[in-house]
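Trainee:
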Amino acid sequence: MVQSLASSGTLFTPTRSLKLQDSYSGDIVFPAPSDHGSQADEENRLRAVSVHFINDGQQVVVSYLVHGIICYSVQNGDQLWAITPPEVSRIGSSALSSNGKFLIAYSFDSGVQLYSLTSHKNEPISTYKFEQAPRTNHRVQVAFVQKDRGVVCEDTMVGLVAKVTV
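All residue numbers for the sequence shown refer to the UniProt record's numbering, where the first residue is 1 and numbers rise by one.
(1) Is the beta carbon of S73 sitting closer than 7 Å to the one on I91?
(2) Would the beta-carbon of S119 fall within 7 Å of that of S50?
(3) Is the beta carbon of Q113 sitting closer than 7 Å to the one on P124?
(4) What is the C-beta distance between D148 and N99, in whole angstroms, given that I count them as a contact (C-beta under 8 Å)?
(5) Using three-state DSSP, classify T127 as helix, strand or coil.
(6) Helix, strand or coil: how does DSSP classify V140 here?
(7) Considering only the beta carbon of each residue, do Y115 and I83 sit closer than 7 Å?
(8) Cβ of residue 172 within 7 Å of Cβ of L80?
(9) Short of 6 Å in beta carbon distance, which residues of its chain neighbour A32, apart from the five on each side in sequence? Order them along the chain.
(10) What first and last residue would you give for the beta strand (DSSP E) that runs through G100?
(11) Which stretch, first to last residue, makes up the beta strand (DSSP E) that contains L80?
(12) Thinking C-beta only, is S126 closer than 7 Å to S110?
(13) In whole angstroms, what is the alpha-carbon distance linking V151 and Q75?
(14) Using 10 angstroms around the beta-carbon of P86, count the other beta-carbons present and answer buried if the total reaches 16, otherwise exposed.
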């Protein structure tokens, strides 16, 4: 499928139909987040590492490598709220709880952090530090398990899956 970006910043995807010939549907391109202090200066390229839909698909939560966690309206692309993790925190991946109220983020710098998406506070509810700092910047997956009562994440030091109780 071929996609083109119009000068207005709207992404158009060509579609085919038996009734309509070469019709187009518009998609929303979300605005770039603002820089968040020195961590964004170190690596200012915009890199979304995880995308999650909440509120019956009406909002999208995007976790960025150095620009934090930002929620956008799917309807108009407006930024609704942002969580800027404390300290230097490069997010490698994130996972959404099954009820859409919590987000767990794997940080290359500070372990695994649990955030409330209902309070939008910059401070995590909990932080689970690794015994040793990761030796590499490999992106590892993190996921909620056991009906959101636990989290699994790979440890880059030994390559094992670690389970954390939330």
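Idealized CB from N, CA, C, for every residue including glycine.
These numbers come from a predicted model, not from an experiment.
Mentor: Inspection of the coordinates gives the following:
(1) no
(2) no
(3) yes
(4) 7 Å
(5) Correct three-state label for T127: strand.
(6) coil
(7) yes
(8) Since the first residue of the chain shown is 1 and the last is 166, residue 172 is not available in this structure.
(9) L46
(10) Here G100 belongs to no beta strand (DSSP E), and DSSP marks it neither H nor E.
(11) Going by DSSP, L80 is part of the beta strand (DSSP E) stretching over 79–83.
(12) no
(13) Using only the alpha carbons, I get a separation of about 31 Å.
(14) Taking every protein chain shown into account, the CB of P86 has fewer than 16 other CB atoms within 10 angstroms, so this residue is exposed.
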